[in-house]
Every structure is written in C-alpha cells, then in structure tokens.
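What follows is a short report on a single structure.
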Amino acid sequence: MNSNRTSTIATNSYPSRVADVPSRLERKDPVVYSEWTPDSPLTEEQSSFYERNGYLFLEQFFSDKELELWKNELSRLQQVYRDGEDAHVIREPASSEVRSVFAVHQHNDLFQALSKHPKLQAITSYLLGSDTYIHQSRINFKPGFTGKEFYWHSDFETWHVEDGMPGMRALSCSIALSDNYAYNGPLMVIPGSHKTFISCVGKTPDNHFKESLRKQEYGVPDHESLHSMAEEKGIHMPVGKAGSILLFDCNLMHGSSSNISPFPRSNVFMVYNSVDNRLVQPYSGQKPRPEYIATRI
Ligand code: 6CS
Ligand code: FE
Numbered sequence: 183m184n185s186n187r188t189s190t191i192a193t194n195s196y197p198s199r200v201a202d203v204p205s206r207l208e209r210k211d212p213v214v215y216s217e218w219t220p221d222s223p224l225t226e227e228q229s230s231f232y233e234r235n236g237y238l239f240l241e242q243f244f245s246d247k248e249l250e251l252w253k254n255e256l257s258r259l260q261q262v263y264r265d266g267e268d269a270h271v272i273r274e275p276a277s278s279e280v281r282s283v284f285a286v287h288q289h290n291d292l293f294q295a296l297s298k299h300p301k302l303q304a305i306t307s308y309l310l311g312s313d314t315y316i317h318q319s320r321i322n323f324k325p326g327f328t329g330k331e332f333y334w335h336s337d338f339e340t341w342h343v344e345d346g347m348p349g350m351r352a353l354s355c356s357i358a359l360s361d362n363y364a365y366n367g368p369l370m371v372i373p374g375s376h377k378t379f380i381s382c383v384g385k386t387p388d389n390h391f392k393e394s395l396r397k398q399e400y401g402v403p404d405h406e407s408l409h410s411m412a413e414e415k416g417i418h419m420p421v422g423k424a425g426s427i428l429l430f431d432c433n434l435m436h437g438s439s440s441n442i443s444p445f446p447r448s449n450v451f452m453v454y455n456s457v458d459n460r461l462v463q464p465y466s467g468q469k470p471r472p473e474y475i476a477t478r479i
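Read in order, the letters of the sequence shown are residues 183 to 479 in the working numbering.
What follows is the structure, given as structure tokens:
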C-alpha cells in the first residue's frame, strides 16, 4: 500500500458525519484548474459561468446519430436487467423497476466509448487541470410514473466520506438520453453551492450504499442549510432535449423530484476524477465501497 493511500484525520479537509450539529465550511479547492486560453474547449464565458455557478448546460452536444446508438442501447439494457439480481443494478425503493445501472463504462462497450468521447475528455481535462479517469458511471432510468426522487445532496460529501476522495477535483457529466422536461424529474441545482461544504450529521451505517442508492438518508444536508442556500442563491433547473449535457462540480448541491409523468427521464452519468485526486481510505474509517460504485486506481 503506498503512503498516500492512507488518509489520516489530520488531512481531512472536509470532515462530515462526525458532529451532532451541521456546519458549513468554505471550499478550499479551485473549481476550474486551468487558465483559460483561446485554445480552451470552452468559451471564456462558459468557463467563468461554470466557475461561478458550479455547472454548465450545453444543448445539442451530441449528434442525432450518436444519440440513436445510446438510446437503443439504453432500451436494450433495460430489458437485459429487467429481472435478475446483479449487484450493480439498483431497483426503485417502491417497485422492482430498474432505478440505476452502475459501472456502464466497464460493462458496456458503447458506454465505455462514450466515457472516452474526445469532446468530453477535452472539457473534463480542462476543468480538472489534468488527465482524468472514471470514478463512477451509471444510468439513472427514472422511469415514467414510478421513477422516485434523488433527495438534495452533494456527491462529494458521499465520495469523500464513503469513498475517500481527498479533494474537490471531480465533476459529473449527465448526458440526457431522453428529453428532460420540467415535469419528468430533471436535475435541480443550487447555483454557487459548490463553494460551500455542508458538513452533515449522523454516523454512516455499514454497507450504507445498499440503502443510499435507492433512497439516501445519511450525508444529506439539514433543512436549515438547504433553506438558507436556496434563499440566497435560488434553484436552477436546466432542461433540454436528449443529446444535451449537464456538467456539474462534485460539490454542487443537487437533487431531482419523482417522475409521475408518463415520460422517462433517462440520463447516463459519467463522473470524471483527476488522476491527482485518486481515492485514499474512506474518511468514515469504514471499508471502501465496491469497485462498481467507486473506481480505485
Ligand atoms: O453514492 C453515490 O455515489 C451516488 N449517490 C447519489 C445520490 N449521487 C451520486 C452517486 O450516484
Ligand atoms: Fe448525485
């Protein structure tokens, strides 16, 4: 085991789930790790929007031809995993509908190619200021009528506490494989929330992921923190056609409502982590989560 893989409390810049009251810590890490130049893959305006808001929504990012391929593969996977007991397949809390399929970048050739798409790699390397690897990938199907919510949370809080991600040098790219409307449970974000770390209360249960991926109840922010953040910064809901992408910082507060519309809101998420931010031991002190949730390189 090399030395930098052991996390010590002294190096824990973002303690969470250790106190019995919530607290707010200022972000210690940059948001955009590169200097913008005219050769950058984003415009200066896009880059500074992402730095300020913690997210960037790009419509019609992929061609219809590419999209058709991934949409067909999505439908095929939904059939493949409809029954069965695969660990990386998560079902809805109140039904047996498939909620998420994890590690698609490992199990599936088409989605592996998507995770390495040159347009995505150029943007993620620019924003994270280094080469990147996939920390986690998943398809969230959010089926029509039964797709349940993803309560407000910061991904980084979980990835730091439960996976041992040292700093805020990772981002998610949500690729819409179905049209995202206001009424079918799209992602909602609190712009600018990525610059504050909400330290949560409560001790992480063992094997927490067995519940949290269906309905997260630990590592979720308290109502007072959420209320004051939303009051101060508002809530944005970037929606658009299939083929659009939503890039968002690992510490951005986000969530999505249940989908009671007849229309699915199926997105594939690729999480890019900097190779200079590789996981150490979980800061919770518990054993690491399985590889299909958090890649350890
Ligand atoms: O625990 C995780 O890694 C997952 N949980 C949520 C709610 N978002 C990020 C990720 O999919
Ligand atoms: Fe999330």
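All C-beta atoms, glycine included, are put in the ideal place defined by N, C-alpha and C.
Closer than 6 Å to a non-hydrogen atom of the ligand 6CS - does that hold for the CB of F332? yes
Roughly how many angstroms lie between the CA atoms of Y365 and D265, to the nearest whole one? 28 Å
Hey, how far is the Cα of Y237 from the Cα of M350? Each residue's Cα considered, the two are about 14 Å apart.
Is it a yes or a no for the segment 443–451 touching the segment 315–330, going by three-plus beta-carbon pairs under 8 Å? Counting Cβ pairs under 8 Å, three or more are found: they touch.
Compare the beta carbon distance of V283 and Y263 with 7 Å and say whether it is the shorter of the two. Taking 7 Å as the Cβ cut-off, V283 and Y263 qualify as a contacting pair.
Helix or strand or just coil, what does DSSP make of Y308? helix
I'd like the list of long-range same chain contacts for Q294, defined as Cβ closer than 6 Å, with 5 residues on each side in sequence excluded. H287
Relative to the C-alpha of A201, which candidate in D404, V462, A424 has its C-alpha closest? D404
Nearest by alpha-carbon distance to R447: which of T193, Y400, S456, D361 is it? Ranked by how close their Cα comes to the Cα of R447, the residues T193, Y400, S456, D361 have D361 in first place.
I'd like to know if the segment 394–404 and the segment 457–464 are in contact, where contact means that at least 3 CB-CB pairs between them fall below 8 Å. Contact between the segment 394–404 and the segment 457–464 is not established, with fewer than three Cβ pairs separated by less than 8 Å.
Look at V214 and L309 and say whether their C-beta atoms are less than 7 Å apart. Going by beta carbons, V214 and L309 fall inside the 7 Å limit.
Let me check understanding here. Comparing Cα to Cα, which of A352, M347, G311 lies closest to P470? M347
Under 8 Å, with one C-beta from each stretch per pair, do the segment 408–416 and the segment 240–249 reach the 3-pair mark? no
With 16 other Cβ atoms within 10 Å as the buried cut-off, status of S314: Position check: residue 314 holds Thr in this sequence, whereas Ser was assumed. Burial call: buried.
Given E279, which residues of its chain have a CB within under 6 Å of its CB, disregarding the five upstream and five downstream residues? P325, T328
Which complete beta strand (DSSP E) runs does the segment 312–358 hold, if anything under 3 residues is left out? 314–322, 332–336, 352–358
Contacting residues, own chain, Cβ-Cβ under 8 Å from E226 (five flanking each side not counted): W218
Under 6 Å Cβ to Cβ from E255, same chain only, skipping five residues before and after it: list those, please. L292
Does the Cβ of D221 lie closer than 6 Å to at least one heavy atom of the ligand 6CS? The closest heavy atom of the ligand 6CS lies 6 Å or more from the beta carbon of D221.
Taking 6 Å as the cut-off, is the beta-carbon of D337 closer than that to any non-hydrogen atom of the ligand 6CS? yes
Using 10 angstroms around the beta-carbon of P275, count the other beta-carbons present and answer buried if the total reaches 16, otherwise exposed. exposed
Could you give the uninterrupted runs of the alpha helix (DSSP H) lying entirely in the segment 227–292, keeping only those of 4 residues or more? 246–262, 286–289
Any heavy atom of the ligand 6CS closer than 6 Å to the CB of T340? yes
Return the residue from the list S426, Q260, W341 that minimises the CA-CA distance to R478. W341
Would you grab the beta carbon distance between S375 and L434 for me? Rounded to a whole angstrom, and I think it's under 8 Å. So it is a contact: roughly 6 Å between Cβ atoms.
Does any heavy atom of the ligand 6CS sit closer than 6 Å to the C-beta of Q288? no
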